[in-house]
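Residue numbers (this note's numbering): 25 to 658. Notes follow the structure.
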């Protein structure tokens with residue numbers, strides 16, 4: 025006879041069940057968040073049936089969409105995100121990803137067909153506002169938490185379904201199995217009920233938070249475009265369609281809080297609606313609206329999967345040939361020549377002008393808050409860029425040639441060394457295209473260099489892993505060709521490599537490790553010591569350094585001699601500084617801007633360096649040259 029022992033106290037049972045429930049939710053949430061972070065926004069877009077667009081599309085609407093996204097990205101200081109088209113007749117859009125560097129924009133076919141340029145511009149500005157306000161990270165976490173809660177119901181259903189097998193076995197065994205059946209029945213029912221209640225309450229919280237973020241994104245979009253009728257017009261078009269913004273894809277509900285408009289059925293009460301009513305959103309933008317929606321002629325044109333040309337076949341042409349070379353240019357101490365401007369062809373309108381100091385300082389203040397003047401500047405800059413260069417940025421294989429051309433030195437002997445490296449590692453067609461693009465790259469304004477890299481990034485992300493390995497080897501060989509590296513070349517290369525590394529290499533953690541800068545005084549000293557020597561004569565470095573330190577309240581860095589600072593040290597410093605709190609990174613950016621502005625003279629290249637530093641610190645910074653479009657107007 026088996027001794028049954030003392031019965032288990034109910035309190036202990038409740039504690040075990042509570043801990044197990046919390047563990048399941050935590051584990052499920054953590055798994056889902058990690059999976060979404062690893063896949064970036066691409067994972068979300070593809071789960072909704074999205075197809076990535078390229079500039080070689082024959083569809084005018086698709087090309088218009090891509091041009092709007094490029095313009096908005098340059099104006100907001102973020103890398104140009106990949107754009108996905110969803111085969112849905114409703115008018116809707118979304119932004120997905122964990123950070124600006126891995127964001128994607130998704131747009132439905134209905135939005136491309138039903139909205140004019142101003143309306144579509146308002147929708148895209150709304151989505152970029154979500155990117156800049158950090159809403160994407162919140163959305164990913166929310167999806168993870170809700171997934172963990174839903175996991176309870178799934179486990180409960182599994183337990184209930186397994187009862188029939190346990191019941192069949194218990195009829196042929198001892199009576200003890202009856203207790204197991206009862207435990208499984210009760211546990212299954214409890215888990216299903218807890219999961220249902222948790223999902224409902226989680227949905228209420230998700231809906232409440234999402235509705236408030238939608239109002240904020242609408243307001244930011246109006247500030248960005250300075251065109252309220254555009255955004256309001258898009259919302260009116262949605263209201264005038266029978267389909268509205270609803271999506272038919274079976275996974276649509278998972279990302280319901282990410283959409284521009286309500287994407288799934290909200291129920292009779294509207295309690296779980298993740299978006300405010302269209303009427304309220306329109307009136308918040310256009311208070312005098314008469315309440316009528318326009319009549320919309322709806323059509324459903326299927327997406328032609330063959331529209332995009334086979335540019336990937338051209339991308340497969342490259343081949344990996346050599347191993348990584350050493351890079352003494354990064355390890356040697358910086359000299360005064362590292363901070364000088366290289367000789368260049370006759371400057372363009374952008375290069376002749378000095379950037380006003382107040383504009384530089386206000387630009388550092390406007391991190392994540394682009395305005396209409398930045399969008400107008402981005403449009404002017406895109407017009408300034410040679411068409412052949414913008415076309416090259418839109419193809420996977422030619423995007424590599426464009427980057428190689430951007431890395432070419434102005435000195436002919438050094439260029440010959442760089443081309444020799446390309447001849448050893450890269451296929452002849454890419455090298456030939458690099459030579460063809462080089463004169464136009466040399467003539468391009470300094471202000472176009474970072475935007476050209478941003479334009480090329482979506483296509484560079486389409487490389488295969490072997491192509492990426494070869495590309496990076498060739499990239500490093502070219503940078504190391506002259507055994508020296510200017511600060512401006514370094515910033516350009518770091519922005520490119522950092523954004524591609526997220527796609528092809530193990531993702532580095534971005535969690536905040538340092539809440540205050542006083543734990544990183546050596547790193548702050550390295551950064552400001554470099555910035556103090558940019559565009560200044562040696563005797564002015566100390567005064568420039570002090571200007572930057574004045575922006576930092578609780579840190580007292582030390583000006584380091586140029587002989588003690590290397591690009592390797594700067595890389596290491598920024599990798600730590602990027603993991604400080606958002607407030608600390610903003611202070612660092614203000615200190616960099618104040619340092620460069622200390623002599624009252626800021627060249628375009630110096631302004632672009634600050635934007636490069638901002639990108640490395642994960643602080644999306646609008647263009648600093650926003651007033652120069654007046655030269656084109658005149």
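Ideal Cβ positions, reconstructed from N, Cα and C, are used throughout, including at glycine.
| Check | Outcome |
| --- | --- |
| For residue 374, count the other beta carbons within 10 Å of its own beta carbon; 16 or more makes it buried, fewer makes it exposed. Which is it? | With a pLDDT of 45 at residue 374, under the threshold of 50, the predicted position of this residue should be treated as unreliable, and no value is reported. |
| Taking 8 Å as the cut-off, does the region 543–560 touch the region 594–614 (at least 3 CB pairs, one atom from each stretch)? | yes |
| Measuring only from the beta carbon, is residue 585 closer than 7 Å to any heavy atom that is part of the ligand NAD? | This structure simply doesn't include the ligand NAD, nor any ligand for that matter. |
| State buried or exposed for residue 236, treating a residue as buried only when at least 16 other CB atoms are found within 10 Å of its CB. | exposed |
| Please go through the same chain and pick out, in chain order, the residues whose beta-carbon is closer than 7 Å to the beta-carbon of residue 582, but skip the five residues on each side of it. | 549 |
| Excluding the 5 residues preceding and the 5 following residue 555 in the sequence, name in chain order all residues of the same chain whose CB lies nearer than 7 Å to its CB. | 572, 616, 619, 620 |
| Could you tell me which residues DSSP puts in a beta bridge with residue 283? | 118 |
| Counting beta carbon pairs with one atom in the region 469–483 and one in the region 412–423, are three or more of them shorter than 8 Å? | yes |
| How far does the beta strand (DSSP E) with residue 625 in it reach, from first residue to last? | Segment: none, residue 625 is in no beta strand (DSSP E) and carries neither H nor E. |
| Give me the DSSP bridge partner(s) of residue 75. | 109 |
| Nearest chain C C-beta to residue 478 closer than 8 Å, yes or no? | Structure shown: chain C not included; a single protein chain is present. |
| Could you give the DSSP three-state label for residue 573: helix, strand or coil? | helix |
| Tell me whether the region 140–148 and the region 88–106 touch, counting them as touching only if at least three CB pairs, one residue from each stretch, are closer than 8 Å. | yes |
| Which residues share a DSSP beta bridge with residue 401? | The partner list for residue 401 (beta bridge, DSSP) is empty, contrary to what the question assumes. |
| Please name the residue in 593, 552, 287, 263 whose C-alpha comes closest to that of residue 661. | Any answer about residue 661 is impossible in this case: the structure gives the chain only from 25 up to 658. |
| Are residue 474 and residue 516 closer than 8 Å when you measure CB to CB? | yes |
| Give me whichever residues DSSP pairs with residue 538 in a beta bridge. | 604 |
| Touching or not, the region 115–124 and the region 434–453, by the rule of three or more beta carbon pairs under 8 Å? | no |
| For residue 320, name the three-state secondary structure that DSSP assigns. | coil |
| If I follow the unbroken beta strand (DSSP E) through residue 125, where does it start and stop? | Segment: none, residue 125 is in no beta strand (DSSP E) and carries neither H nor E. |
| Would you check if the distance between the CB atom of residue 133 and the CB atom of residue 111 is smaller than 8 Å? | yes |
| According to DSSP, what are the bridge partners of residue 130? | 108, 118 |
| CA-CA distance, residue 299 and residue 217? | 27 Å |
| Within 10 Å of its beta-carbon, does residue 206 have 16 or more other beta-carbons around it, so buried, or fewer, so exposed? | exposed |
| How close, in whole Å, do the beta carbons of residue 623 and residue 565 come, if the pair is a contact with beta carbons under 8 Å? | Contact doesn't hold; Cβ gap of about 10 Å is too wide. |
| Classify residue 529: buried if its beta carbon has 16 or more other beta carbons within 10 angstroms, exposed otherwise. | exposed |
| Using the Cβ count rule (16 or more neighbours within 10 Å means buried), how would you classify residue 427? | buried |
| Out of 591, 233, 609, 424, state which residue places its alpha-carbon closest to the alpha-carbon of residue 638. | 609 |
| Between the region 269–283 and the region 312–321, can you find at least three pairs of beta-carbon atoms closer than 8 Å? | no |
| Between residue 402 and the rest of its own chain, which residues show a CB-CB distance below 6 Å, the 5 nearest in sequence each way excluded? | 95, 98, 99 |
| Decide if residue 228 is buried, meaning its Cβ has at least 16 other Cβ atoms within 10 Å, or exposed. | exposed |
| Considering only C-alpha positions, which residue in the set 421, 603, 630, 392 is nearest to residue 80? | 421 |
| Run through DSSP, which three-state label would residue 249 get? | helix |
| Assess, as a yes-or-no matter, whether the region 378–397 is touched by the region 447–461 under the definition of 3 or more beta carbon pairs within less than 8 Å. | no |
| When you compare each of 586, 595, 149, 542 to residue 577 by their alpha carbons, which one comes out closest? | 542 |
| By the three-class DSSP mapping on this structure, what secondary structure does residue 158 have? | coil |
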